[in-house]
Amino acid sequence: MTTAILGGGLSGLTLARLLHERGEEVLVLEAEPRVGGLCRSRTENGFTFDTGGSHIIFSKDTEVLSFMRRMIAANEQRNNRNTKIFYKSSYVKYPFENGLYELPYEDRFFCINGFIQTLIAVERGTVPLPVNFREWIYYTFGPGIAECYMVPYNEKIWKYPTERMSLHWVDGRIPRPPVEDIIKSAIGIETEGYTHQAVFSYPLDGGIEALVTAIAEPVLPFIRTGFRVTSLKKEGHHWQIGNGSETITADRVISTIPVQHLLPCLDKVPEKVLKACHALVYNSLICINIGIRAPLPPISWMYIPEKTLGKTNRLSFPSNFSRHTAPEGCSAILAEITCQPGDEVSRIPDKALVDEVLQMLKTMKICTPDQVVFSSVERQPFAYVVYDLGYQENIASIKDFCRLQDIPLVGRFAQFEYLNMDGCIRSVMDFVASYPRE
Ligand SMILES: Cc1cc2nc3c(=O)[nH]c(=O)nc-3n(C[C@H](O)[C@H](O)[C@H](O)COP(=O)(O)OP(=O)(O)OC[C@H]3O[C@@H](n4cnc5c(N)ncnc54)[C@H](O)[C@@H]3O)c2cc1C
Numbered sequence: 045m046t047t048a049i050l051g052g053g054l055s056g057l058t059l060a061r062l063l064h065e066r067g068e069e070v071l072v073l074e075a076e077p078r079v080g081g082l083c084r085s086r087t088e089n090g091f092t093f094d095t096g097g098s099h100i101i102f103s104k105d106t107e108v109l110s111f112m113r114r115m116i117a118a119n120e121q122r123n124n125r126n127t128k129i130f131y132k133s134s135y136v137k138y139p140f141e142n143g144l145y146e147l148p149y150e151d152r153f154f155c156i157n158g159f160i161q162t163l164i165a166v167e168r169g170t171v172p173l174p175v176n177f178r179e180w181i182y183y184t185f186g187p188g189i190a191e192c193y194m195v196p197y198n199e200k201i202w203k204y205p206t207e208r209m210s211l212h213w214v215d216g217r218i219p220r221p222p223v224e225d226i227i228k229s230a231i232g233i234e235t236e237g238y239t240h241q242a243v244f245s246y247p248l249d250g251g252i253e254a255l256v257t258a259i260a261e262p263v264l265p266f267i268r269t270g271f272r273v274t275s276l277k278k279e280g281h282h283w284q285i286g287n288g289s290e291t292i293t294a295d296r297v298i299s300t301i302p303v304q305h306l307l308p309c310l311d312k313v314p315e316k317v318l319k320a321c322h323a324l325v326y327n328s329l330i331c332i333n334i335g336i337r338a339p340l341p342p343i344s345w346m347y348i349p350e351k352t353l354g355k356t357n358r359l360s361f362p363s364n365f366s367r368h369t370a371p372e373g374c375s376a377i378l379a380e381i382t383c384q385p386g387d388e389v390s391r392i393p394d395k396a397l398v399d400e401v402l403q404m405l406k407t408m409k410i411c412t413p414d415q416v417v418f419s420s421v422e423r424q425p426f427a428y429v430v431y432d433l434g435y436q437e438n439i440a441s442i443k444d445f446c447r448l449q450d451i452p453l454v455g456r457f458a459q460f461e462y463l464n465m466d467g468c469i470r471s472v473m474d475f476v477a478s479y480p481r482e
């Protein structure tokens, strides 16, 4: 009995490994020539960049975290997070609420006063409960933190109006500091927010792909790359899985590929389900990789809410995660720009994007164009799930349909949920625990 796993990203490979470990026959079908999905990395000219945006290993889930750390074993580098927000030409500690003391006086007052006034109003019940993400930001942080950081940053990364986003996902994803932390941070006492990420791991060699390579190791003979699934049909007790020129037979199928790729493979998908799938919102990602012959400030990564600096929403410094990601005397910088599929930003040529990032790095006094020794651009069509207001209804109708077809959905774009690596691995572990043995 063979279980076919559609997609060879982190979720597909972890699924394959865990099912294989309990003695089952698996076959991973991956469209690209290499497995790894969003967790791939590329080394060129001595620089290693994660091609799906900068990744780090962290989790609140101790079982999952120890699984990931066990996988990379001796190839692990532990780092203390030193993350900043670039705000009005200065570096403010992340999360923003923990760095209020670094703001100009006026902004510090705006943030702390707004936070306290809102807190009082919430306690008195004089503000209505939030019904969308924008309202939640104001309700939770007050107008100062909302307008200085939360709204501009979130609109930059999501490319979607915050008032048209749902708020069902924010708990546990967006740090919510205790009042004491806000007060301490406003008067200059150091506090740490989002603490389960304060220490993170990264592979010493090979970038984040080293994690998926280690996970895939025992199932390498059961991976078929370059097999883009285009049709999926159940005939009797068997699945026929096609790529346009070849058909593979399997007894069971699990999908980790985006639902936008899965549904077109199936016959007779109801119009309502197709419409729901079409309505799901997601962002693509452009990564601009820069190698410089110069040192960097000891910062892990940096959020850039200001629109005037350009389209980059986050800058990471991979050579501060592992020295091996850049040649001796050099440093690595990864700029991330989100876009919606087919929009104006997605059509900007690579060269123009590199030029914009170099200009921004110069303005931020991080490096000058003459220090640049390498640049490249990577694009990922599926990067972020955007939780619009119709999301919950739309995804429910797709999941109901797939359940009836007996196609389990596991993974970031299969479940269409904002899952980090730990969330994907947790989904896989829970799924395998309840999946009937063959
Ligand atoms: C910018 C960015 C930064 C991130 N940073 C972090 C971080 O720091 N820490 C963290 O824990 N997580 C991070 N993540 C999240 C992490 O990347 C994902 O949770 C994880 O990689 C998702 O794995 P997956 O296998 O579910 O999906 P994917 O990686 O998308 O894999 C799906 C696979 O299916 C394949 N496929 C698609 N269609 C077909 C088809 N028709 N036939 C066959 N194969 C197909 C694809 O080629 C791909 O390999 C980040 C994500 C982004 C976008």
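Numbers given in the numbering used here equal positions in the sequence shown, counted from 1, plus 44.
Yeah, the Cβ is synthetic: ideal placement off N, Cα and C, and Gly gets one too.
Given the structure is predicted, the values throughout are model-derived calculations rather than measurements.
Asked                                                                                                    : Found
Collapsed DSSP secondary structure at Trp345 in the structure displayed                                  : strand
Closest by C-alpha distance to Leu73, when choosing among Glu380, Ile267, Leu310 and Leu329              : Ile267
Expected contact under 8 Å - CB spacing of Tyr131 and Leu147 to nearest Å                                : 7 Å
Ligand 1 heavy atom lying under 7 Å from the CB of Arg86                                                 : no
Ligand 1 heavy atom lying under 7 Å from the CB of Val303                                                : no
Nearest neighbour of Arg208, chosen from Gly52, Leu324, Ser85 and Thr239 [CA to CA]                      : Leu324
Whole alpha helix (DSSP H) elements within the segment 45-102, 4-residue minimum                         : 54-65
Member of Val417, Leu255 and Asp295 whose CA lies at the smallest distance from the CA of Gln121         : Leu255
Buried or exposed by the 16-neighbour rule on C-beta atoms within 10 Å, applied to Gln403                : exposed
Nearest-angstrom Cα separation, counted from Asn142 out to Asp225                                        : 7 Å
Proximity below 8 Å, CB of His240 to CB of Lys128                                                        : no
Cβ-Cβ separation, Val303 to Ala458 (assumed contact under 8 Å), whole Å                                  : 6 Å
For Ile181, three-class secondary structure by DSSP                                                      : helix
heavy atom of ligand 1 below 7 Å from Arg456 C-beta                                                      : yes
Inter-stretch contact (C-beta, 8 Å, three-pair minimum) for the segment 411-420 and the segment 188-200  : no
Status (buried if at least 16 other CB within 10 Å, exposed otherwise) for Met45                         : exposed
Rounded distance between the beta-carbons of Ser471 and Ser55, thought under 8 Å                         : 7 Å
Contact the segment 215-230 vs the segment 426-446: 3+ CB pairs below 8 Å                                : no
Residue closest to Leu82, alpha-carbon to alpha-carbon, out of Cys446, Val273 and Gly53                  : Gly53
When Glu422, Glu388, Lys228 and Ala230 are compared against Ser85, the one with the closest alpha-carbon : Glu422
Same chain only: Cβ atoms within 8 Å of Glu167, ignoring 5 sequence neighbours per side                  : none
Selected residue, minimal CA-CA separation from Val430, among Cys383, Asn119 and Val401                  : Cys383
CA-to-CA distance, Gly288 to Ala376, given in whole angstroms                                            : 41 Å
Stretch pair the segment 86-103 + the segment 238-252: three plus CB contacts closer than 8 Å            : yes
Between the CA atoms of Gly270 and Asp311 - distance to the nearest angstrom                             : 23 Å
Cβ-Cβ separation, Ile336 to Val416 (assumed contact under 8 Å), whole Å                                  : 6 Å
Cβ-Cβ distance between Thr92 and Pro362 below 8 Å                                                        : yes
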